[in-house]
Amino acid sequence: MESGTLKRYLEREGATLVGVGDVTQALTGEILHLNRGIAIAINRSLTSDTVDLLSDLQRLAERWLKDKGFRALSIPPDSDRKKEKLISRLYKRFSHKTAVTCSGLGWVGKNGLVINRSFGSKLSWATVLTNAPLEADSPTFESECGDCELCVRHCPSGAVRGYLWSRGDPLREMVTYEKCRSHKSGRVAMDHKPNCGLCVTICPYSRNAGREKNERDA
Ligand code: B12
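Numbering (numbering that gives the first Met the number 0), first residue to last: 0 to 217.
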């Protein structure tokens, strides 16, 4: 089943990038049948407005799929902000980073975040899992961080470990979460949440954000 129509629909509704990945290898238990992951990105930091827009896009994708008789399950963009909801527990079952690498829209960078070639780590992500047999994009197998260590050297809490990711790796803590979390909590909040984001801005791919895509579209 071709996936271009759904991608174009979500892009018209405000998504910056949409990819479809075969996520079979990353599924366990009762979600095994939902083997396509739709990775949806918007080029904004993760404020509550961004979460709302991502959630709207997920709802549109779900409706599109369900109208065609398929199942769909949205993994919330940011479980912290949806704490009180049962669905917030789902993020532990499926990482957005997995949907992104499976759909070829980026790799897991040394900064522990997804890096997209055109936007770096400046995108916020959400995933919709489905059993629709959508045509899948080619996955990303390797990191393109190379020798760059800027995020490792500049992380103010020393949390970034600097692993070079590749698809066959076991799940691992790329960033020492407690160090990152405690540093963030001492900083000025953005949108009522502790914030830092140096690992986003220092990345050379983030600094060129959008340029490659804009040049291609021109
Ligand atoms: C918990 C959490 C945190 C914690 C822990 C940090 C972390 N890196 O995960 C804290 C509070 C510290 C944090 C901080 C930040 N976070 Co945060 N966070 C999350 C959250 C809610 C869950 C992540 C998680 O624990 N996943 C479970 C673990 C096991 O998996 P994982 O590490 O995410 O990914 C692994 C798999 O994907 C696997 N993998 C990759 N490809 C494949 C393919 C296959 C086949 C398989 C089997 C596996 C596999 O490799 C990864 C590494 O092992 C996600 C939202 C989400 N639902 O994903 C946002 C998220 C990761 N955070 C995000 C952001 C923006 C931030 C901050 C920049 C916020 C800020 N301004 O300070 C910082 C950056 C810190 C950093 N460098 O990581 C964004 C990242 C966007 C991006 N471009 O990658 C996310 C995706 C939210 C979103 N909706 O966009 N965060």
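Cβ coordinates follow ideal geometry from the N, Cα and C atoms, glycine included. No experiment lies behind these values; they were computed from the predicted model shown.
Exercise. DSSP state of L52, grouped into three classes?
Worked result: The residue given as residue 52 occupies position 53 in the sequence shown. Helix at L52.
Exercise. Which term fits T49, buried or exposed, when burial requires 16 or more other beta carbons within 10 angstroms of its beta carbon?
Worked result: For the purposes of this step, residue 49 is identified with residue 50 of the sequence shown, where counting begins at 1. Buried: at least 16 other Cβ atoms inside 10 Å.
Exercise. Is Y176 near ligand 1, going by C-beta to nearest heavy atom under 8 Å?
Worked result: Looking up residue 176 in the sequence shown gives position 177. Result yes, Cβ under 8 Å from ligand 1.
For this session: Leaving out five residues on either side along the sequence, give the residues of the same chain with a beta carbon under 8 Å from the beta carbon of R206.
Result: Taking the sequence shown and counting its residues from 1, one reaches residue 206 at position 207. Correct list, in chain order: G119, T200.
For this session: For H153, collect the residues of the same chain with a Cβ closer than 7 Å to its Cβ; drop the 5 residues on either side in sequence, then sort them by chain order.
Result: Locating residue 153 in the sequence shown gives position 154, where the first residue counts as 1. These residues qualify, in order along the chain: L197, I201.
Problem set entry | Backbone secondary structure at S156 - three-state DSSP | Translated into the one-based positions of the sequence shown, residue 156 becomes position 157. It is coil, neither helix nor strand.
Exercise. Do three or more CB pairs link the segment 125 to 144 to the segment 161 to 171 at distances below 8 Å?
Worked result: For the pair of segments examined, the segment 125 to 144 was found to touch the segment 161 to 171: the number of CB pairs separated by less than 8 Å reaches three.
Exercise. If you run the structure through DSSP and keep just helix, strand and coil, what is I201?
Worked result: As a working mapping, residue 201 is identified with position 202 in the sequence shown. The answer is coil: DSSP assigns I201 none of H, G, I, E or B.
For this session: May I ask you to check if the CB of R171 is nearer than 8 Å to at least one heavy atom of ligand 1?
Result: By one-based count along the sequence shown, residue 171 stands at place 172. Under cutoff, so the answer is yes.
For this session: Within 10 angstroms of the Cβ of S184, are there 16 or more other Cβ atoms? Answer buried if so, exposed if not.
Result: Counted from its first residue, the sequence shown places residue 184 at position 185. Burial call: exposed.
Problem set entry | Residues bridged to I30 (per DSSP) | Start at 1 with the first residue of the sequence shown, and residue 30 comes out as number 31. In the DSSP secondary-structure assignment, I30 is not bridged to any residue.
Exercise. Between L133 and I37, is the Cβ-Cβ spacing less than 9 Å?
Worked result: Stepping through the sequence shown from its first residue, residue 133 is reached at position 134. Stepping through the sequence shown from its first residue, residue 37 is reached at position 38. In this structure, I37 lies closer than 9 Å to L133 by Cβ.
For this session: Would you kindly check if the distance between the Cβ of C147 and the Cβ of K109 is under 9 Å?
Result: Translated into positions along the sequence shown, residue 109 becomes position 110. Translated into positions along the sequence shown, residue 147 becomes position 148. In this structure, the beta-carbon distance from K109 to C147 falls below 9 Å.
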